[in-house]
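Peer 1: Residue numbers (our numbering): 51 to 147.
For each residue, glycine too, the CB sits at the ideal point set by N, CA and C.
Take this structure first; my questions come after.
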Amino acid sequence: EQTTPLYANDQTANKNLDPSGGGKLISSGALYAQYDINENDTGTLSIFERTAGVTSVTGATLTPTLVAGDEFSISVSQVNSTALTTPVTITLSGTTA
Numbered sequence: 051e052q053t054t055p056l057y058a059n060d061q062t063a064n065k066n067l068d069p070s071g072g073g074k075l076i077s078s079g080a081l082y083a084q085y086d087i088n089e090n091d092t093g094t095l096s097i098f099e100r101t102a103g104v105t106s107v108t109g110a111t112l113t114p115t116l117v118a119g120d121e122f123s124i125s126v127s128q129v130n131s132t133a134l135t136t137p138v139t140i141t142l143s144g145t146t147a
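Take a look at the structure:
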């Protein structure tokens, strides 16, 4: 049994668990729980564990289909804040990965 803090989202967890480091100083193995994980007012809960090291993402698609003009938006959290930045839109200009 372990006591685990509960937060509405990742940025609130980072602010409370590591207000000066933005999440970088949270020790490996630390846990927190996030409620309403889908952010649609449903009764969901996920438990997250901090791990240390480099993040590596791989996939099986060797030649992804990209279309010039496709776009996505991204926001980030900032140190000691529960707010996300204004979304920045990224527009693809080419068709190769």
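Rounded to whole angstroms, what's the CA-CA distance from residue 84 to residue 128? Just pull it up for me.
Peer 2: Those two C-alpha atoms are separated by around 18 angstroms.
Peer 1: Quick one: grab the DSSP three-state call for residue 63.
Peer 2: Reduced to three states, the DSSP call for residue 63 is helix.
Peer 1: Look at the alpha carbon of residue 87 and the alpha carbon of residue 113, and state the distance between them as a whole number of angstroms.
Peer 2: Cα-Cα distance, rounded: 32 angstroms.
Peer 1: Can you list, in chain order, the residues of its chain with a C-beta nearer than 8 angstroms to that of residue 76? Leave out the 5 residues immediately preceding and following it.
Peer 2: The residues are 64, 67, 68 and 100.
Peer 1: From what residue to what residue does the beta strand (DSSP E) around residue 139 run?
Peer 2: Residue 139 -> beta strand (DSSP E) spans 138-141.
Peer 1: Do you know how far the Cα of residue 56 is from the Cα of residue 37?
Peer 2: Because the chain in this structure spans residues 51 to 147, residue 37 falls outside the shown range and cannot be described.
Peer 1: Report all residues from its chain with a CB closer than 8 angstroms to the CB of residue 131; omit the five preceding and five following residues, and keep chain order.
Peer 2: The residues are 61 and 65.
Peer 1: Who are the Cβ neighbours of residue 54 in its own chain at under 8 angstroms, not counting the five residues just before and after it?
Peer 2: Excluding sequence neighbours, residue 54 sits near 81, 82, 83 and 97.
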